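Report on one structure; see the data block that follows.
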Amino acid sequence: MTKRKIICTIGPSSNIPEVLEQLANRDVDFFRINLSHTDIQDIERKVIGLKDYGVPLMIDTEGPQVRTGNEKEVSFIEGTTVKLYNKIVPCNSNQIYLTPEYVVDSFKEGDKISLAFGSTFLTVYNISLRRVHGYLECHVTDGGVFGGRKAVHIESPNLDLPDFSKKDLAAFEIAKRYGVKHFTLSFMEHPESLEKVRRIIPEAVLYSKIESKEGVRRFDEIAEKSDGILIDRGDLSSQVPIEVIPFIQKDFAKRCSGRGIEMFIATDTLQNMFSSLRPNAADANDMVNTLLDGVTGIALTRETAIGKYPIQTVDMLKRIIERVEMYIEGREV
């Protein structure tokens, strides 16, 4: 029977020696380093520290992704005007910047901007101040609260982002030095990009992340070049109707199985355990059906990175996996 894998994202809640030791003792399959939430100067230190626990490391690239620049939670109020800067500035309820900063220079009046998986929406309405003052003005069309370094989706054809950021390229070199082989490649849309990584690390095990409409469209080409697939349900929901995502998940799990490659999913996995000792019924049902679809691995993200109960979340997921395997084998659940 295929072993169903658990990927633990390491962050402030779990990057503590006693917690890391407990996770390692529970035989989790990977410690995931999310480059989007890791400063470039901290990558090597984090790799060295995590390797001590004997759990394989998985590096998740930034990829061609735009994120908010704020470190702490920010609230935008519907109906107000906010400034969007093309340089690093303090972030608050009146202004923010994006990374990479230069993307703001390509925005046009009328562009729609979604922050943090659709928690907040902006519309660009004045770009006249950008050249002199370095910002443009946006209407907050749907207010909300969003945390630090959250994903941004822009409905603009003018963005031209490289497949790998400077931080990604630095991480590949560090990974090569320390024998890290497993990578999840964010926003993969161009199959040829995988060869760029293999030229740096020939033995790399590459999981392409499907989190855009273009990634869905080119799935077969991407899967052909990949060692596995990871569907990020959060980012994908910014570009695909959320009610369609379960069907994409089912279809791609079947196609990955047919190719003999692994498929993982991430985002909103046991979400209630971010702040509670127990999942709710929807969480448990989602995980069971996801595994029955043929998904071979679950990536715990915020639940183990910044959640209150990283150990208990892993324990619950292990119990769910055990029940699913009993069901598949025809044993009493």
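Numbered per our numbering, the sequence shown spans residues 99 to 431. Just so you know, even glycine gets a beta-carbon here, dropped at the ideal spot from N, CA and C. Bear in mind the structure is a predicted one, so any value in this text is a computation, not a measurement.
Provide the residue(s) that pair with residue i in DSSP beta bridges, ordered along the chain.
{"i": "T197", "result": "R165"}
{"i": "S173", "result": "V243"}
{"i": "E360", "result": "G326"}
{"i": "Y407", "result": "Paired residue(s): none; Y407 is not in a bridge."}
{"i": "V250", "result": "V164 and L213"}
{"i": "G395", "result": "K103 and F362"}
{"i": "F262", "result": "BP columns for F262 are empty, so no partner."}
{"i": "S306", "result": "L283 and I327"}
{"i": "L257", "result": "Per DSSP, none; premise fails for L257."}
{"i": "V238", "result": "L220"}
{"i": "N190", "result": "Q193"}
When the distance is taken between beta carbons, is residue j closer than 8 Å to residue i?
{"i": "L133", "j": "I108", "result": "no"}
{"i": "A268", "j": "I141", "result": "yes"}
{"i": "Y195", "j": "V187", "result": "yes"}
{"i": "I252", "j": "K274", "result": "no"}
{"i": "T159", "j": "L283", "result": "yes"}
{"i": "F281", "j": "L304", "result": "yes"}
{"i": "P339", "j": "E319", "result": "no"}
{"i": "L220", "j": "V172", "result": "no"}
{"i": "L292", "j": "K265", "result": "no"}
{"i": "V117", "j": "V250", "result": "no"}
{"i": "L375", "j": "V278", "result": "no"}
{"i": "V243", "j": "S212", "result": "no"}
{"i": "I346", "j": "V145", "result": "no"}
{"i": "A379", "j": "R357", "result": "no"}
{"i": "S373", "j": "K348", "result": "no"}
Note down, in chain order, each residue of its chain lying with its Cβ closer than 6 Å to the Cβ of residue i, except the 5 sequence neighbours on either side.
{"i": "F362", "result": "L328, G395 and A397"}
{"i": "D330", "result": "K307, E309, A364 and T365"}
{"i": "I409", "result": "Q120"}
{"i": "K103", "result": "D127 and G395"}
{"i": "G326", "result": "Y305, I359 and E360"}
{"i": "N184", "result": "E199, V202, D203 and G232"}
{"i": "A351", "result": "M361, D391, G392 and V393"}
{"i": "F270", "result": "I298"}
Looking at the unbroken beta strand (DSSP E) that takes in residue i, where does it start and where does it end?
{"i": "Y183", "result": "T179 to Y183"}
{"i": "L220", "result": "T218 to N224"}
{"i": "F129", "result": "F128 to N132"}
{"i": "L121", "result": "Run containing L121: none in the beta strand (DSSP E); it sits in the alpha helix (DSSP H), P115 to N123."}
{"i": "I157", "result": "L155 to D158"}
Note down, in chain order, each residue of its chain lying with its Cβ closer than 8 Å to the Cβ of residue i, except the 5 sequence neighbours on either side.
{"i": "E169", "result": "C189, G246 and R247"}
{"i": "E176", "result": "V238, T239, D240 and G241"}
{"i": "L227", "result": "Y233, L234 and E235"}
{"i": "M424", "result": "E430 and V431"}
{"i": "G208", "result": "T221, V222 and Y223"}
Just curious, the alpha helix (DSSP H) that residue i is in, first and last residue?
{"i": "R102", "result": "Segment: none, R102 is in no alpha helix (DSSP H) and carries neither H nor E."}
{"i": "M385", "result": "A379 to L390"}
{"i": "F205", "result": "Unbroken run through F205: none, as it is neither H nor E."}
{"i": "R296", "result": "S291 to I298"}
{"i": "G313", "result": "K311 to R315"}
{"i": "H231", "result": "R228 to H231"}
{"i": "I141", "result": "I141 to K149"}
Who are the Cβ neighbours of residue i in its own chain at under 7 Å, not counting the five residues just before and after it?
{"i": "R417", "result": "none"}
{"i": "E287", "result": "S310, E312, G313 and R316"}
{"i": "P162", "result": "L259, P260, D261 and F285"}
{"i": "H135", "result": "G109 and R247"}
{"i": "M438", "result": "With the chain covering 99 to 431 only, the question about residue 438 has no answer from this structure."}
{"i": "N383", "result": "none"}
{"i": "L389", "result": "R102, I419 and V422"}
When you measure from the CB of residue i to every non-hydrogen atom of the ligand ADP, does any distance come out below 7 Å?
{"i": "I104", "result": "Looking for the ligand ADP in the displayed structure turns up nothing, as the structure carries no ligands at all."}
Evaluate the contact criterion for the segment 109-117 versus the segment 400-414: three or more CB pairs, one atom per stretch, below 8 Å. yes
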